[in-house]
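In order, the protein sequences belong to chains A and B. The numbering used here numbers the first residue of the first sequence as 1 and each following residue consecutively. The numbering used here numbers the first residue of the second sequence as 1 and each following residue consecutively. Even for Gly, the Cβ is constructed at its ideal location relative to N, Cα and C. Quick caveat, the model's predicted, so the values are computed rather than measured. For reference, the structure is listed below as structure tokens.
Number of protein chains: 2
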Amino acid sequence: MPRAGLNPSRVIQEAEQFADEIGLANLTLAGLATRLGIRQPSLYKHLESMDALQVGIATRAKYELADTMARSAVGRSRSAAVRAMAYAYRVWAIAHPGRYAATQRASTPDDHEATSADQAILNVVISVLAGYQLTDDDAIDATRALRAALHGFVTLETSGGFGLPASIDRSFDRLVQGLEVALDGWTDRTACQAR
Amino acid sequence: MPRAGLNPSRVIQEAEQFADEIGLANLTLAGLATRLGIRQPSLYKHLESMDALQVGIATRAKYELADTMARSAVGRSRSAAVRAMAYAYRVWAIAHPGRYAATQRASTPDDHEATSADQAILNVVISVLAGYQLTDDDAIDATRALRAALHGFVTLETSGGFGLPASIDRSFDRLVQGLEVALDGWTDRTACQAR
DNA sequence: CCAACTAGCTATTAGCAATAGCTAAAATGA
DNA sequence: TCATTTTAGCTATTGCTAATAGCTAGTTGG
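What follows is the structure, given as structure tokens:
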């Protein structure tokens, strides 16, 4: 019988596409092997374990997301950059639900490739917030808030957490507006609280 | 042999406590049965399936969370209510990681008990936002933004998504401040964008 | 052209949720 | 009180999962 001509890279790429189609939770080695035209144990020639496969998907996905976010913000600053990045984030997440789910896995500190992917996303967000002149802890806090808002929204959206039929696009638009407002008043806490 | 004296309620309560201890993902029927002093197949006398058990945990957890949030905001309004609710949300989620993970499961529309639990949380958030005089879609958008921010922050925190050692308490505090600022400027989009 | 390497295979194991069918403990009713 | 019914537990089993062991044939390097 002829060989399938696989390699670790091809396996991960097929797996991430498969995961987007059927959902990360439904990804099994047997299913992936069938899709690749081989038997399940043969997969172990290209990967270490199911866990390692998911880490591989997660790492690639994080780089891809970081890249998408970075491209979206090129040539923009402050609220325009935040807005562009937020939209790119949501569009990518919805277009790649399996990969996005994979990005939610936290990296183990000793996995340098995975932590580097985390750092890539972090760096993009930090760059996007550069125009706000936030320093040290303020920058970290704002980065976390931005990631939390985007991640929370997309997670709730993709998991069906927004039961109501009201426009999710509109809600996201308003969330981003809220983020812009909050970032404008980030260092000056009293700026917007007067009524 | 004497009977264990179990019932569906006791099984779910033990399961949610167990899930908090070992993580929802590590909850197995075999483990739960051992903890209850019975064999794995015997569990099926009290539950329909693993899936149904998780729905049961999720529903109870959603009610518990809604109750916690509601109590925290009693006697408070506007930013004080938002702040109190946000803190109660995070404290409860961290104290009950298994249950909180369970709440992330979306309800199937035909499960009235589960959707009612969703509604309970929604109602609390809507009540807390009542002081902001938001109408219709604005209220929905603000509710979604608030839930997204809280859910995203807690999820990233509990999954280890905040790799940096910087104070997470402080970051959460700043997030809540950001929410207050954003809600103050919710209907008047230009209010806080002047620099 | 032969030797080393390796990508595939079959066979198998252990852990999981789930079902079938049995039995003894509890609850019910005359 | 005792007979009947109900049911909460049990053992045995199935099918699916990830994972390992060991074999073989296709590929590649000297």
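Take threonine 115 of chain A, set aside five residues on each side of it, and the residues of its chain with a beta-carbon closer than 6 Å to its own are Ser107, in chain order. At least one CB atom of chain A sits nearer than 8 Å to the CB of leucine 175 of chain B. In terms of Cβ geometry, leucine 146 of chain A and leucine 179 of chain A form a close pair [threshold 8 Å]. Apart from the 5 residues on each side of it in sequence, glutamate 113 of chain B sits with its Cβ closer than 7 Å to the Cβ of Thr59 in its chain, given in chain order. Of the candidates B:His46, B:Gln54 and B:Pro8, B:Gln54 places its Cα closest to the Cα of threonine 28 of chain B. In this structure, the beta-carbon distance from arginine 170 of chain A to aspartate 141 of chain B falls below 8 Å.
Residue-level contact by beta carbon fails for valine 74 of chain A and chain B, as no gap is shorter than 8 Å. When 7 Å is used as the limit between beta carbons, aspartate 20 of chain A is near no residue of chain B, the shortest such separation being about 19 Å. In the three-state scheme derived from DSSP, where H, G and I count as helix and E and B as strand, glutamine 133 of chain A is classed as coil.
The stretch 119-128 of chain A and the stretch 97-107 of chain B do not touch, with fewer than three beta-carbon pairs separated by less than 8 Å. Chain-ordered, the chain A residues with CB closer than 8 Å to the CB of serine 171 of chain B read Ile140, Asp141, Arg144 and Ala145. Only residues of its own chain outside the window of five on either side were considered, and among them Ala117 and Ala120 have a CB closer than 7 Å to the CB of tyrosine 63 of chain A, listed in chain order. Sequence-ordered contacts of the stretch 151-169 of chain A with chain B read His151, Gly152, Phe153, Val154, Thr155, Leu156, Glu157, Ser159, Gly160, Gly161, Phe162, Gly163, Leu164, Ala166, Ser167 and Ile168 [C-beta pairs closer than 9 Å]. For the C-beta of aspartate 118 of chain A, the chain B residues within less than 9 Å are, from N- to C-terminus, Gly161 and Gly163. Beyond the five residues adjoining it in sequence on each side, isoleucine 38 of chain B comes within less than 6 Å, by CB distance, of Ala4 in the same chain, given in chain order. Interface flag for threonine 115 of chain A against chain B is set, since a Cβ pair is found closer than 8 Å. Taking a 10 Å sphere around the C-beta of valine 74 of chain B, we find fewer than 16 other C-beta atoms and assign the residue as exposed.
Collapsing the DSSP output to three states places aspartate 110 of chain A in coil. For chain A, the residues of the stretch 80-106 of chain B that bring a beta carbon within less than 7 Å of one of its beta carbons are Gln104 and Ala106, in chain order. The beta carbon of valine 154 of chain B is closer than 8 Å to those of Tyr89, Arg90, Ala93, Ile94 and Tyr100 in its chain, skipping five residues each way along the sequence. For the stretch 125-137 of chain A, the residues whose beta carbon sits under 8 Å from a beta carbon of chain B are, in order, Asp137. Taking the Cα of glutamate 21 of chain A as reference, the smallest distance to any Cα among A:Ile126, A:Arg35, A:Pro8 and A:Asp173 is reached at A:Arg35.
When Cβ-Cβ separations below 8 Å define contact, glycine 178 of chain A makes contact with chain B. Taking the CA atoms as reference points, glycine 131 of chain B sits about 55 Å from leucine 47 of chain A. Interface criterion not met: the Cβ of glycine 5 of chain A is under 8 Å from no Cβ in chain B.
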